[in-house]
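Heads up: the structure comes next, in structure tokens.
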Amino acid sequence: MFNWIIAAIFYGFFACWSFGFIHRFRSAVTGNIAMISPMVIGMVVGFGSGTIIGAGFSSNLFLSLLISVLTGILAGGITGSIIHIGAFLNGALSGMMAGLMGAMLIVMLPSSEWNRVIFIFMVVGGFLQFVHTLMLQGQIEESVLKRSAWIFRSPSLMFLAITALIILYSVYNSTGTLVPNPKHPSHTMMNMK
14 MFNWIIAAIF YGFFACWSFG FIHRFRSAVT GNIAMISPMV IGMVVGFGSG TIIGAGFSSN
74 LFLSLLISVL TGILAGGITG SIIHIGAFLN GALSGMMAGL MGAMLIVMLP SSEWNRVIFI
134 FMVVGGFLQF VHTLMLQGQI EESVLKRSAW IFRSPSLMFL AITALIILYS VYNSTGTLVP
194 NPKHPSHTMM NMK
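Per my numbering, the sequence shown starts with residue 14, numbered consecutively.
Written as structure tokens, this is what we have:
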């Protein structure tokens, strides 16, 4: 369960960083980038949170779908609302679709695969967010970036955060799977007679 909290922090960091960056440089984020950014945030955060919420509320499909869709709408919609109404719609609808897909995907899989799927999409989402970071920072003049808060200056912070949280998730996940479950007998060849 703690590894799912790590995954939630992972996606929450993406949403907060992107919201902060776009809010700080909203006058410079224009054109296609203004439409792409809310969609990226809605899709990455919506799908990722959909997998986590779908696993956490797997006993109640309606509730997991509802929370996942609302999370995706909020992530993409709030980011898009900073720019203009078209970006809001783009982000909210992308987040809604991604949240729905993430929750449905995880519920269709056996529970033994949930951690692996969440990890795979953390890696994919981390890569996409890093590219998104490079794209956003490429729109801003270097002299303006140097005068801004340290969190927005370099893509290295995003790279380190993504890497650290993915490693933390995988380490915690692998140590959690090595602990034998006392409810199940050991399945070694020595016990078979």
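Every residue gets a Cβ at the ideal spot worked out from N, C-alpha and C, and that includes glycine. The structure displayed is predicted, hence computed values, not measured ones.
Across the structure, Trp30 and Val157 are spaced so that their CA atoms are roughly 17 Å apart. Distance from Ile179 to Gly151 at the Cβ level is roughly 24 Å; contact not present, criterion being Cβ atoms closer than 8 Å. Here Pro51 is not near Asn16, since their CB atoms are 7 Å or more apart. Here DSSP, grouped into helix, strand and coil, assigns Met14 to coil. From the listed residues Tyr185, Ile131, Arg160 and Phe143, the smallest Cα separation to Ser169 is found for Phe143.
Going by DSSP, Ser81 is part of the alpha helix (DSSP H) stretching over Leu74 to Ser94.
Under the DSSP assignment, Arg166 falls in the alpha helix (DSSP H) whose first and last residues are Trp163 to Arg166. A distance of 7 Å or more separates the beta carbons of Phe34 and Phe172. The criterion of a C-beta distance shorter than 7 Å is satisfied by Ala116 and Gly67. Taking one beta carbon from each stretch, the segment 83 to 101 and the segment 124 to 140 have fewer than 3 pairs nearer than 8 Å; the two do not touch. By the C-beta density criterion, Gly108 is buried, having at least 16 other C-beta atoms within 10 angstroms. Between Phe38 and Ile153, the C-beta gap is smaller than 7 Å, which places the two residues in contact. Leu74 is classed as exposed because its beta carbon has fewer than 16 other beta carbons within 10 Å across all chains shown. Under the three-state reduction of DSSP, Arg37 is assigned to helix. Within the same chain, Cβ atoms closer than 6 Å to the Cβ of Tyr24 are found at Val58, Gly61 and Ser62, the five residues on either side in sequence being excluded. The straight-line gap separating the alpha-carbon atoms of Leu147 and Ser187 is approximately 31 Å. Annotated three-state conformation of Val144 is helix, per DSSP. Looking at the backbone, the Cα of Ala174 and that of Ile22 are separated by about 10 Å. One alpha carbon belongs to Phe27, the other to Ile46, and they sit about 17 Å apart. In terms of CA proximity to Leu79, Gly112 leads the group Gly112, Ile49 and Ser125.
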